[in-house]
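Per this note's numbering, the very first residue in the sequence shown carries number 1; after that it's consecutive.
Ideal placement from N, C-alpha and C gives every residue a C-beta, glycine not left out.
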Amino acid sequence: MPHQRPDFPASPASWLVELDGTGVRGSHPGGQRQAGEGGLARAKSRLRRVLNARFMRWWLLKQAVTALPWLGRKLAFYPRGIDMMAAADEVLQDHTAPLPADLLRPDLAFLERCLVHDSHAPGVTLPEGVLAGARTVRIRGAEIDIASGAVHLPRAGHTVMMRGTVANWNAARPRWRPRRVVLAGTALCPAPTANYYHLLVETGLRLLELGDLPALAADPPVLLRRPPGSAVEAALYAGLAQLRPEMAQQVVAPGTLVQPEAVLCHFPAETQYEWAAMDRDAAMRLRRLFETTYGALPPGGGVRLYLSRAGAKLRAPVNGAELDALLEAHGFETLVASDANHPDQIARFSAAEVIVAVHGAGLANLLFAPEGARVIEIFPGNFVKSTYWWMARRLGLQYRAVIGGPGDYDQRFEAPLADLEVILAAEA
């Protein structure tokens, strides 16, 4: 991930409008927790996370591997973590810098509220204390678990961690009778994901920027990946092959451990994990990537777009029918995103003047929105995150956060229709 440059766009206006947990409408600049807000929806207690069969199997096997290291090598299971910088044989880039505090101050109350649910490093403070940068290293004598994208150091009995040194049950997993393949040269393997945001931002943007690294010009890595799990993922890798032909791609079965001469690890160094490095040039390059697969997408403008969560299990408004009717009355077109209509998603976001959506991965399509587009993101009161506030700031979009009632276990919540009515009338 490239270093966060100081040329941030001018601060677009942002507002926080809330409906508190009692159903009483309120407007204020944010920060304070509202009555009835409660904790994070779908949050599990530490006891519940530990007392389940999957974790207990993992923990018992970890004890066995600690006592019998040969068992860890046989199962490719290394529950001891090591930071990628400590594991590196060659550092290609390593730089971080603080984000300018002035960038965050206009929306500080909102961001402090988001920090409760954002993913971030321990000790992050606002507005100071947020770092951003990039780290890229080569590690020799390592192997890649294609199923998870994890990098192992068999000689030391470690799993290489992109952040920190804790190898939990998601990072280190046993593999029964894995197939091992030796590969010449340097290789890398993106972590597989079914999440649309992570696919676009943490795979697409990151792989595109990797090709800009001068240190790799003479020795580009081989890109190892699993068979695509979606049409969007297939389109992304097909487009990448056109834009980055020097980066050969090799499809490998998920049950395989690949042992290249060197493994390339490329990962951001930010301490606020929701705030990925991006700018408008990077977003336009990602659009071109998909256009190499889909063909040129039609131009347009002036569209009022509502990204609906119809059919979604998580974060569906309980008053969804009323929300749909309100937005239709204000001239919004409805889009339900799916794997099958991805070209239409890009085209319609590219033509959007105003975008309304409940928080979700589909808002990653803001990468394709035109500069100056207005974004209204709706949250349940107990799940407010800054992911798309940041994306809007980096891409020159105007942003408003509208916060409704608290969500239940599935984050179903009451959308604040009266507040939206006021905002939409002002947007007319």
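What does residue i pair with, by DSSP beta-bridge criteria?
{"i": "Phe413", "result": "Pro317"}
{"i": "Val258", "result": "Ile144, Val181"}
{"i": "Glu291", "result": "None; Glu291 has no bridge partner."}
{"i": "Thr96", "result": "Gly133"}
{"i": "Asp83", "result": "Met161"}
{"i": "Pro268", "result": "Ala134"}
{"i": "His152", "result": "Glu143, Thr159"}
{"i": "Phe379", "result": "Ile403"}
{"i": "Ala187", "result": "Val222, Val263"}
{"i": "His120", "result": "Gln272"}
{"i": "Arg374", "result": "Val354, Gln398"}
{"i": "Glu90", "result": "Arg138"}
Take residue i and list the residues in its own chain whose beta-carbon comes closer than 6 Å to its own, dropping the five residues that flank it on each side.
{"i": "Thr193", "result": "Leu199"}
{"i": "Val24", "result": "Only weak support is given to the placement of Val24: the predicted model assigns it a pLDDT of 29, under 50, and the value that follows is read from those uncertain coordinates. Cβ neighbours of Val24 beyond the five flanking positions: none."}
{"i": "Gly31", "result": "In this predicted model, Gly31 has a pLDDT of only 32, less than 50, meaning its place in the structure is not dependable enough to derive any value."}
{"i": "Ala282", "result": "Leu205"}
{"i": "Asn195", "result": "Ala361"}
{"i": "Thr293", "result": "Ala235, Ala238, Gly239"}
{"i": "Gly295", "result": "none"}
{"i": "Gly81", "result": "Thr159, Met161, Thr165, Val166, Ala167"}
{"i": "Pro98", "result": "Leu131"}
{"i": "Asp118", "result": "Glu274, Lys385, Ser386"}
Below 8 Å on the Cβ atoms is my contact criterion, and I expect residue i with residue j to pass it. Report the Cβ-Cβ distance as a whole number of Å.
{"i": "Ala364", "j": "Ala352", "result": "The Cβ separation is near 14 Å, so there is no contact."}
{"i": "Arg315", "j": "Gln411", "result": "4 Å"}
{"i": "Val65", "j": "Phe77", "result": "6 Å"}
{"i": "Asp339", "j": "Ser230", "result": "5 Å"}
{"i": "Gly133", "j": "Glu270", "result": "7 Å"}
{"i": "Gly255", "j": "Ala150", "result": "Going by Cβ atoms, the distance from Gly255 to Ala150 rounds to 13 Å, so no, they are not a contact pair."}
{"i": "Leu224", "j": "Val182", "result": "Incorrect: roughly 13 Å between the Cβ atoms, too far for contact."}
{"i": "Arg280", "j": "Leu395", "result": "6 Å"}
{"i": "His266", "j": "Leu188", "result": "7 Å"}
{"i": "Asp83", "j": "Arg140", "result": "Actually they do not touch by this definition, with Cβ atoms about 16 Å apart."}
{"i": "Ala262", "j": "Arg138", "result": "5 Å"}
{"i": "Arg374", "j": "Val358", "result": "Actually they are not in contact, since the Cβ atoms of Arg374 and Val358 sit about 16 Å apart, beyond 8 Å."}
{"i": "Leu289", "j": "Leu243", "result": "5 Å"}
{"i": "Gln250", "j": "Ala241", "result": "Actually they do not touch by this definition, with Cβ atoms about 11 Å apart."}
{"i": "Gln272", "j": "Val402", "result": "That pair is no contact at about 22 Å."}
{"i": "Leu213", "j": "Thr136", "result": "6 Å"}
{"i": "Leu257", "j": "Arg348", "result": "Their Cβ separation, rounded to whole angstroms, is 42 Å, which puts Leu257 and Arg348 out of contact at 8 Å."}
{"i": "Ala87", "j": "Leu153", "result": "6 Å"}
{"i": "Glu274", "j": "Ser386", "result": "5 Å"}
{"i": "Ile376", "j": "Ile423", "result": "6 Å"}
{"i": "Leu71", "j": "Thr186", "result": "At roughly 30 Å, the Cβ-Cβ gap does not stay under 8 Å, so Leu71 and Thr186 are not in contact."}
{"i": "Pro342", "j": "Val232", "result": "The sequence shown places His at residue 342, rather than the Pro named in the question. Between Val232 and His342 the Cβ distance is about 5 Å, and since that is below 8 Å, they are a contact."}
Could you pull out every residue in the same chain whose Cβ sits closer than 7 Å to the Cβ of residue i, ignoring the five residues on either side in sequence?
{"i": "Leu323", "result": "Pro317, Ala415, Leu417"}
{"i": "Gly331", "result": "Arg304"}
{"i": "Glu421", "result": "Leu326"}
{"i": "Pro6", "result": "Model confidence at Pro6 stands at a pLDDT of 30, short of 50, so the residue's coordinates are unreliable and nothing is read from them."}
{"i": "Gln155", "result": "The sequence shown places Arg at residue 155, rather than the Gln named in the question. Excluding positions up to five away in sequence, the list reads Gly141."}
{"i": "Pro127", "result": "Ala101, Leu104, Arg105, Leu108"}
{"i": "Glu291", "result": "Leu297"}
{"i": "Pro227", "result": "Val251"}
{"i": "Thr96", "result": "Leu131, Ala132, Gly133, Ala269"}
For residue i, which residues in the same chain have their Cβ closer than 8 Å to its Cβ, ignoring the five residues on either side in sequence?
{"i": "Met278", "result": "Val201, Leu205, Leu367, Met391, Arg394, Leu395"}
{"i": "Pro12", "result": "Note that Pro12 scores a pLDDT of 41, beneath 50, so its modelled location is shaky; the value from the coordinates is reported in the next line. Cβ within range, chain order: Ala392, Arg393, Gly396, Leu397, Gln398, Tyr399."}
{"i": "Glu371", "result": "Arg280, Leu395, Gly396, Leu397"}
{"i": "Ala337", "result": "Tyr196, Leu307, Gln345, Gly362, Asn365"}
{"i": "Ala184", "result": "Pro260, Glu261"}
{"i": "Pro69", "result": "Gly157"}
{"i": "Gly311", "result": "Val336"}
{"i": "Arg73", "result": "Pro154, Gly157"}
{"i": "Glu333", "result": "Val303, Arg304, Leu305, Tyr306, Arg348"}
Can you give, in chain order, each stretch of the alpha helix (DSSP H) that sits fully within the region 303-371 and has at least 4 residues? You should have 320-329, 342-350.
Could you tell me which uninterrupted beta strand (DSSP E) segments, each at least 3 residues in length, are contained entirely in the region 220-256, listed from first to last along the chain? Segments of the beta strand (DSSP E) lying fully in the region 220-256: 222-225, 249-251.
Contact the region 217-230 vs the region 287-300: 3+ CB pairs below 8 Å: The way I'd put it, the region 217-230 doesn't touch the region 287-300; fewer than three beta-carbon pairs between them come closer than 8 Å.
Report yes or no: do three or more beta-carbon pairs, one from the region 198-214 and one from the region 154-171, lie closer than 8 Å? Contact fails: fewer than three Cβ-Cβ distances are below 8 Å.
Are there three or more Cβ pairs, one per stretch, closer than 8 Å when the region 236-248 is compared with the region 54-69? They do not touch, by the three-pair rule.
Is the region 167-180 touching the region 113-128 in the sense that three or more CB pairs, one from each, lie closer than 8 Å? Between the region 113-128 and the region 167-180 there are fewer than three inter-stretch CB-CB distances shorter than 8 Å, so the stretches are not counted as touching.
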